[in-house]
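Below: one structure, written as structure tokens.
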Amino acid sequence: MKRLEGKRAVVTGGGSGIGRASAIRFAREGASVLVVGRAGNTEETAAAIRGEGGIASALITDAAVEENVAEIVRRCVAEFGGLEIFFANIGVTGTNTPLLEQTVEEWSEVYRINTISCFLAIKYAGRHMTAQGYGSIILTSSAASLRANAGAISYSASKAAVNNLAQTAANAFAGTGVRVNAVLPGLVETQLTRKVFEDARARGVEAKLGHVTPMKRPGRSEEIAAAAAFLASDDSSYVDGQLLSVDGGVSSTHPYGRIAL
Amino acid sequence: MNSRLQGRVCVVTGAARGIGLAIAERFGQEGGRIACVDVSARRLEPAVEGLKSKGFDARPYEVDVGKRDDVHALFARIEREFAAPVAVLVNNAVFARFEPLAQIEVETVDRMFAVGVHGLIWTTQAAAPQMERRGGGSIVNLSSVSAFNPAKDSIAYSALKAGVVGLSRASAIELSAKKIRVNVIAPGMIGTPASIAQFDEATIATRQAEMPAGRFGEPEEIAALAAFLASDDASYIQGAVVTADGGWTIPAR
């Protein structure tokens, strides 16, 4: 599959989980990938891509800081000669502190990383892409953006804002050739959810993970990456401003039981 | 080209023209073997000849999907002739009329729902056991943005296409246990000859101006989405409604 041949892509949160799987998938489909993350594993993802013959470099930076995002776009254009795909994928979970005890500091940090990072991606990738009349921006949202009880409250609210941003930015970019969509994963084992999985294993109830979804299992990062690759490619050329759920069906049904996160 | 559907038997209803034919062609490009179903053998013949001339394993099957026994017999025949159970089903066939309330006739509504809702129940009923036998499958049902954002004169059509969503999501719950995924595509305005013919030029220009994409979609763009949902790339997508409308229904108006 080479649907992204000749394309240049940025993937933030690329050191692990969905970002890592997506960076690898984009590269396998032919894209040159700038892998962005805050930790050393960012370089490991880029090295893994190069190890299988793909083109990638790493940039270690906080993709929720304005000047850093401007630099990410500059770096991708300087190194690969352009930018057609930006996958804004960084995120934090927030805490399950009782709602009445939560603080503005916590909410601000969750919004900064989950929501404002998406605004910055749209702003800086959007400047470049609207000028060239082509591009696809993908935002990581969550099934928690649609329903209560699938994540922390600050997290859920910050992801609902991401959904709206996908729609409002797509509308703002009308006629420019730049598409903006969101992907909404359900429960997937990543750095963010590792504790949920580890706790379940420790209690011997791993088989119960994802049991509230019709498909009765958690998703894999590669399954989210495949959806991101679809949204990145011209196969989704008439899909704009959409919220693509990749959640085993959990958002399409009444819940079967309570979700313990 | 991708070969995400390599060797899989794919049933596409309403395959003689428009979006259905584009889906059949894309599935062929991805390695699928295509059972092209349509109510008209006469319309099917040139379509299937065209697919074959491109090297695809495509075969024509005439049936009225509104007739349960005929549909069950057809799926048994498809399995026999392809010597493999059905892996992918795309319910694209539709009969539609767009009329103001007072003009809607019993025959029109009966026909629309026979093809567009009953037909989906019968094809799903016939396909699911075959998919289960091969360890799973993918069903893609065509709805419309009219299910949520009805246009003028679409009372029966909007009900029909909203029905597709409910049917699909309920099927997704039941069929998950058999590793069958059921998802929905909601196209906006797609530039098939049949859809273009409904409108005068001024209406077309107005509609296009309402869309962030600034244009109608192409059948091939719906086919690309159908191929994604049909393939294992969508292995964790279940009960989803994916809209492909160039952003038409995002803004408030």
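Protein sequence lines, in the order shown, are assigned to chains F and A. Under numbering that gives the first Met the number 0, the first residue of the first sequence carries the number 0, and numbering increases by one thereafter. Under numbering that gives the first Met the number 0, the first residue of the second sequence carries the number 0, and numbering increases by one thereafter. Backbone N, C-alpha and C fix where the C-beta goes; we use that ideal spot for every residue, glycine too. No experiment lies behind these values; they were computed from the predicted model shown.
{"Check": "Going by other Cβ atoms of all chains shown within 10 Å of its Cβ, with 16 needed for buried, is residue 19(F) buried or exposed?", "Outcome": "buried"}
{"Check": "Would you mind telling me which residues of chain A sit closer than 9 Å to residue 61(F), beta carbon to beta carbon, in chain order?", "Outcome": "Ordered by position in chain A, no residue passes the 9 Å Cβ test against residue 61(F), which lies about 29 Å from the chain."}
{"Check": "List the residues of chain F whose Cβ lies closer than 7 Å to the Cβ of residue 245(A), in chain order.", "Outcome": "237, 239"}
{"Check": "Which of the three DSSP states is assigned to residue 244(F) in this structure?", "Outcome": "strand"}
{"Check": "So residue 247(A) and residue 144(A) are supposed to be a Cβ contact under 8 Å. How far apart are they, rounded?", "Outcome": "7 Å"}
{"Check": "Tell me the DSSP bridge mates of residue 116(F)?", "Outcome": "Answer is none; residue 116(F) lacks a bridge partner."}
{"Check": "Contact criterion: CB-CB distance below 8 Å. Does residue 145(A) meet it with respect to chain F?", "Outcome": "no"}
{"Check": "Can you find a C-beta in chain A that's less than 8 Å from the C-beta of residue 208(F)?", "Outcome": "no"}
{"Check": "Compare the Cα-Cα distances from residue 225(F) to each of 216(F), 184(F), 158(F), 236(F) and report the closest residue.", "Outcome": "184(F)"}
{"Check": "Whether or not the region 80 to 89 of chain A and the region 42 to 52 of chain A are in contact is what I'm after, with contact meaning three or more pairs of Cβ atoms, one per stretch, closer than 8 Å; do they touch?", "Outcome": "no"}
{"Check": "For residue 176(A), does the count of other Cβ atoms within 10 angstroms reach 16, so buried, or fall short, so exposed?", "Outcome": "exposed"}
{"Check": "Check the DSSP bridge columns for residue 86(F) and list the partner residues they point to.", "Outcome": "10(F), 137(F)"}
{"Check": "Taking the alpha-carbon of residue 134(F) as reference, which of 71(F), 17(F), 147(F), 235(F) has the nearest alpha-carbon?", "Outcome": "235(F)"}
{"Check": "Does the beta carbon of residue 174(F) come closer than 8 Å to any beta carbon on chain A?", "Outcome": "yes"}
{"Check": "Thinking just about the alpha-carbon of each residue, which of 28(A), 187(A), 10(A) is nearest to the one in residue 80(A)?", "Outcome": "10(A)"}
{"Check": "Is the beta carbon of residue 212(A) within less than 7 Å of some heavy atom of the ligand GDP?", "Outcome": "Among the components of this structure there are no ligands whatsoever, and the ligand GDP is therefore not found."}
{"Check": "Anything in the region 189 to 214 of chain A with a Cβ closer than 7 Å to a Cβ of chain F? List those residues in chain order, please.", "Outcome": "211, 212, 213"}
{"Check": "State the Cα-Cα distance for the pair residue 50(F) and residue 142(A), rounded to the nearest angstrom.", "Outcome": "43 Å"}
{"Check": "Can you tell me which of the three DSSP states residue 201(F) falls into?", "Outcome": "helix"}
{"Check": "How many angstroms separate the CA atom of residue 12(F) from the CA atom of residue 251(A)?", "Outcome": "33 Å"}
{"Check": "Once the 5 residues before and after residue 70(A) are set aside, which same chain residues still bring their CB inside 7 Å of it?", "Outcome": "62, 64, 121, 122, 125"}
{"Check": "Per DSSP, residue 58(F) is paired with what?", "Outcome": "35(F)"}
{"Check": "I'd like to know if the region 230 to 243 of chain A and the region 237 to 249 of chain F are in contact, where contact means that at least 3 CB-CB pairs between them fall below 8 Å.", "Outcome": "yes"}
{"Check": "For the putative contact between residue 56(F) and residue 83(F), defined by C-beta atoms under 8 Å, what is the C-beta separation to the nearest angstrom?", "Outcome": "The pair is not a contact, with the Cβ atoms about 16 Å apart (cut-off 8 Å)."}
{"Check": "Which residue comes first and which comes last in the beta strand (DSSP E) that contains residue 137(A)?", "Outcome": "136 to 141"}
{"Check": "Pull up the DSSP beta-bridge partners for residue 218(F), would you.", "Outcome": "187(F)"}
{"Check": "In the DSSP output, what is residue 179(A) paired with across the bridge?", "Outcome": "136(A)"}
{"Check": "Is there a Cβ from chain B that is less than 8 Å from the Cβ of residue 72(A)?", "Outcome": "Note that chain B does not occur in the displayed structure, where the protein chains are F and A."}
{"Check": "What separation, rounded to the nearest whole angstrom, lies between the Cα atoms of residue 31(A) and residue 43(A)?", "Outcome": "18 Å"}
{"Check": "Tell me whether residue 153(A) sits in a helix, a strand or coil according to DSSP, three-state version.", "Outcome": "strand"}
{"Check": "Any idea if residue 199(A) is buried or exposed, counting beta-carbon neighbours within 10 angstroms, 16 or more meaning buried?", "Outcome": "exposed"}
{"Check": "Can you tell me whether residue 244(A) is buried or exposed, with buried defined as 16 or more other CB within 10 angstroms of its CB?", "Outcome": "buried"}
{"Check": "Are there three or more Cβ pairs, one per stretch, closer than 8 Å when the region 166 to 180 of chain A is compared with the region 98 to 114 of chain A?", "Outcome": "no"}
{"Check": "On the three-state DSSP scale, how would you describe residue 98(A)?", "Outcome": "strand"}
{"Check": "Whose CA, out of 52(A), 78(A), 163(A), lies closest to the CA of residue 147(A)?", "Outcome": "163(A)"}
{"Check": "On the criterion of 16 or more Cβ atoms from any shown chain inside 10 Å, does residue 258(F) qualify as buried, or is it exposed?", "Outcome": "Low confidence applies to residue 258(F): its pLDDT is 44, below 50, so where it sits in the model is not reliable enough to give any reading."}
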